[in-house]
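Participant: The structure is given below, and queries will be raised subsequently.
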Amino acid sequence: MAAHDDTIFALSSGGLPAGVAVIRISGPGTLDIVRALAGSLPPARSAQLRTIRDRNGLVLDRGLALVFPGPQSFTGEDCAELHLHGGKAVARAVLSCLAEFPRTRMAEAGEFSRRAFESGKIDLIEVEGLADLLVAETEMQRRLAVEHGIGGQSELYAGWSRRLTHARAMIEAELDFSDEADVPGSVSEQVWGDMIALSADIEDHLARQKAGEIIRDGFKVVIAGAPNAGKSSLLNALANREIAIVTEYAGTTRDVLHCDLDIGGYAVKFFDTAGLRDTDELIELEGIRRARLKLSEADLVLHLIDDTGSQAVAFRDNVSAPILTILTKADMLQDNAPGAFDLAISSKTGAGLDLLRALVLEMVQQQTGTSLSIPSRERHARYLNAALYSLKDAIAHQGRGLDIAAEMLRGAATDLGRITGRVDTEDLLDSIFSEFCIGK
Numbered sequence: 164m165a166a167h168d169d170t171i172f173a174l175s176s177g178g179l180p181a182g183v184a185v186i187r188i189s190g191p192g193t194l195d196i197v198r199a200l201a202g203s204l205p206p207a208r209s210a211q212l213r214t215i216r217d218r219n220g221l222v223l224d225r226g227l228a229l230v231f232p233g234p235q236s237f238t239g240e241d242c243a244e245l246h247l248h249g250g251k252a253v254a255r256a257v258l259s260c261l262a263e264f265p266r267t268r269m270a271e272a273g274e275f276s277r278r279a280f281e282s283g284k285i286d287l288i289e290v291e292g293l294a295d296l297l298v299a300e301t302e303m304q305r306r307l308a309v310e311h312g313i314g315g316q317s318e319l320y321a322g323w324s325r326r327l328t329h330a331r332a333m334i335e336a337e338l339d340f341s342d343e344a345d346v347p348g349s350v351s352e353q354v355w356g357d358m359i360a361l362s363a364d365i366e367d368h369l370a371r372q373k374a375g376e377i378i379r380d381g382f383k384v385v386i387a388g389a390p391n392a393g394k395s396s397l398l399n400a401l402a403n404r405e406i407a408i409v410t411e412y413a414g415t416t417r418d419v420l421h422c423d424l425d426i427g428g429y430a431v432k433f434f435d436t437a438g439l440r441d442t443d444e445l446i447e448l449e450g451i452r453r454a455r456l457k458l459s460e461a462d463l464v465l466h467l468i469d470d471t472g473s474q475a476v477a478f479r480d481n482v483s484a485p486i487l488t489i490l491t492k493a494d495m496l497q498d499n500a501p502g503a504f505d506l507a508i509s510s511k512t513g514a515g516l517d518l519l520r521a522l523v524l525e526m527v528q529q530q531t532g533t534s535l536s537i538p539s540r541e542r543h544a545r546y547l548n549a550a551l552y553s554l555k556d557a558i559a560h561q562g563r564g565l566d567i568a569a570e571m572l573r574g575a576a577t578d579l580g581r582i583t584g585r586v587d588t589e590d591l592l593d594s595i596f597s598e599f600c601i602g603k
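Taking my numbering, I'd label the letters of the sequence shown as residues 164 to 603.
Okay, here's the thing in structure tokens:
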């Protein structure tokens, strides 16, 4: 367990003023500080009403005090919380008082969680899940964050590590004790079958990386088409507010505009792009270039057409995402609708928009599936790929010697350990914990 000489404190609740302000304290001086402020310590993990006084006896507030003696606490150290009235002056006075105690300072961003990690209370995946939970805006983001934050993902990787450890133990047993009668002689029968199965498990898991990114970062829907096809009107109608300027003049949209919506619990990002056409106008050309770039990043493209028969500049060859053809301005259609399309809508009347949202949700669900035991960060995928490479290398070169195979399996286990932060992670910690707010 990591030991710290200083005691940290911070306002851990939301912005003030609020109904309640929660001040968190952690470190070796915690219990003495609470005793000085509250007169006496409440029973461990039991909230009791206390009058909070400064070091000169001046009453600062009256609120709840809780103490969590280490190691049975979030950080593994002695911790405490003061639940006070949520006024700015109250919080400022108590924080100023705390700063007067020796070897006590304001916590840095994410420092409470970092101390919990250093004490072995949580691993890096749980840390990242906690960070994601704090910023989750949709139901699926919350579910994914909870899956990672409560250790579900960590247990999966720990199981894989145990399989690698068992394989290495079998190999090293044969290397060291091959003459002993009670040591199995056929490592290939005992080890490599499971290693081939483990390799397949990791490959299947990595194939779900895109699903994790979509849930965590959002499903990107790009609205494309010819000028005046109704792209900006559709964005405004979906968002139910004026985001894009809508005029009868072609080429009004010059840059990529977007809005974030919650559809069926998923974060969906809609992008309005410049009309695709042949033009010599420099600013419009730049808008079209940006539109094509955004099309290459899309998870779904809505290709808008109207009843004028105008055609957008060809873009399908550069798009790997599914494309839905949407006929717009359905309220103005004559008897003969143009060409083939997947859905007719009217941004003016709202006709077809609910069905469009349902189609987008169906596309999201097709790409994400139902299981949330998936990698959601590039860091996870990087180390999973490294572990898979070492594992496949060991399987492919079994005949080079058991000692070499054991070393390759050790490398695979090390890479898995880097995901949870159990080995060689110091270079990752600053960037990971910087995602947290002060007080967490």
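Every residue, glycine too, gets a C-beta built ideally from N, C-alpha and C.
Every value quoted in this text rests on a predicted model; they were computed, and no experiment measured them.
Starting from residue 216, trace the beta strand (DSSP E) both ways and give me its first and last residue.
Facilitator: 211-216
Participant: Which residues in the same chain as residue 246 place their Cβ atom closer than 6 angstroms to its Cβ, once the five residues preceding and following it in sequence are excluded?
Facilitator: Once the five neighbours on either side are set aside, the close Cβ partners of residue 246 are 183, 185, 226 and 227.
Participant: Have a look at residue 404 and residue 492 and give me their C-alpha separation to the nearest angstrom.
Facilitator: 18 angstroms
Participant: Going along the chain, which residues of its own chain have a beta-carbon closer than 7 angstroms to the beta-carbon of residue 386, five neighbours each way excluded?
Facilitator: 394, 397, 398, 433, 434, 435, 436, 465 and 467
Participant: Report, in whole angstroms, the separation of the C-beta atoms of residue 288 and residue 324, which I expect to be a contact under 8 angstroms.
Facilitator: With 8 angstroms as the limit, residue 288 and residue 324 do not qualify as a contact, their Cβ atoms being about 13 angstroms apart.
Participant: Candidates 372, 319, 235 and 523: which alpha carbon is nearest residue 583's?
Facilitator: Out of 372, 319, 235 and 523, 319 has the C-alpha closest to the C-alpha of residue 583.
Participant: What span of residues does the beta strand (DSSP E) with residue 224 cover, start to end?
Facilitator: 222-231
Participant: Could you tell me the alpha carbon to alpha carbon distance between residue 278 and residue 241, rounded to whole angstroms?
Facilitator: When rounded, the distance between both Cα atoms is 11 angstroms.
Participant: With contact counted as at least three CB pairs below 8 angstroms, one residue from each stretch, are the segment 170-179 and the segment 216-225 in contact?
Facilitator: no
Participant: Any chance you could list the alpha helix (DSSP H) runs of at least 4 consecutive residues sitting entirely within the segment 174-199, in chain order?
Facilitator: none
Participant: Tell me whether residue 527 is buried or exposed, calling it buried when 16 or more other Cβ atoms sit within 10 Å of its Cβ.
Facilitator: Buried: at least 16 other Cβ atoms inside 10 Å.
Participant: Which residues share a DSSP beta bridge with residue 268?
Facilitator: Answer by DSSP bridge pairing, in chain order: 171.
Participant: Tell me which residue opens and which closes the alpha helix (DSSP H) that residue 527 is part of.
Facilitator: 516-531
Participant: Need the endpoints of the alpha helix (DSSP H) that residue 292 sits in, please.
Facilitator: 287-298
Participant: Could you give the first and the last residue of the continuous alpha helix (DSSP H) run that contains residue 373?
Facilitator: Note, residue 373: alpha helix (DSSP H), 372-380.
Participant: Please go through the same chain and pick out, in chain order, the residues whose beta-carbon is closer than 7 angstroms to the beta-carbon of residue 203, but skip the five residues on each side of it.
Facilitator: none
Participant: According to the Cβ coordinates, are residue 522 and residue 506 closer than 8 angstroms?
Facilitator: Cβ atoms of residue 522 and residue 506: closer than 8 angstroms.
Participant: Could you tell me which of 261, 549 and 211 sits nearest to residue 199, measuring between CA atoms?
Facilitator: 261
Participant: Please state whether DSSP places residue 505 in a helix, a strand or coil.
Facilitator: It is coil, neither helix nor strand.
Participant: Can you tell me whether residue 304 is buried or exposed? The criterion is at least 16 other CB atoms within 10 Å of its CB, across all chains shown.
Facilitator: It is buried - the Cβ of residue 304 has at least 16 other Cβ atoms within 10 Å.
Participant: How big is the Cα-Cα spacing for residue 210 and residue 201?
Facilitator: 12 angstroms
Participant: Give me the Cα-Cα distance between residue 577 and residue 530, rounded to the nearest whole angstrom.
Facilitator: 31 angstroms
Participant: Below 8 angstroms, can you find three or more Cβ-Cβ pairs linking the segment 543-559 to the segment 369-386?
Facilitator: yes
Participant: Give every residue of the same chain whose Cβ lies closer than 6 angstroms to the Cβ of residue 285, excluding the five residues on either side of it in the sequence, and list them in chain order.
Facilitator: 279
Participant: Please confirm whether residue 360 and residue 440 have their CB atoms less than 8 angstroms apart.
Facilitator: no
Participant: Return the first residue and the last residue of the alpha helix (DSSP H) that residue 431 is part of.
Facilitator: It is not in any alpha helix (DSSP H) - residue 431 instead sits in the beta strand (DSSP E) that spans 429-435.
Participant: When burial is assigned at 16 or more other CB atoms within 10 Å of the CB, is residue 509 buried or exposed?
Facilitator: Taking every protein chain shown into account, the CB of residue 509 has 16 or more other CB atoms within 10 angstroms, so this residue is buried.
Participant: Closest to residue 196 by C-alpha separation, out of 568, 459, 266 and 571, would be which residue?
Facilitator: 266
Participant: With H, G and I counted as helix, E and B as strand and the rest as coil, what does DSSP make of residue 488?
Facilitator: strand
Participant: So what does residue 394 bridge to, in DSSP terms?
Facilitator: Under DSSP, residue 394 forms no beta bridge with any residue.
Participant: Which residue marks the beginning of the alpha helix (DSSP H) containing residue 543, and which one marks its end?
Facilitator: 541-559
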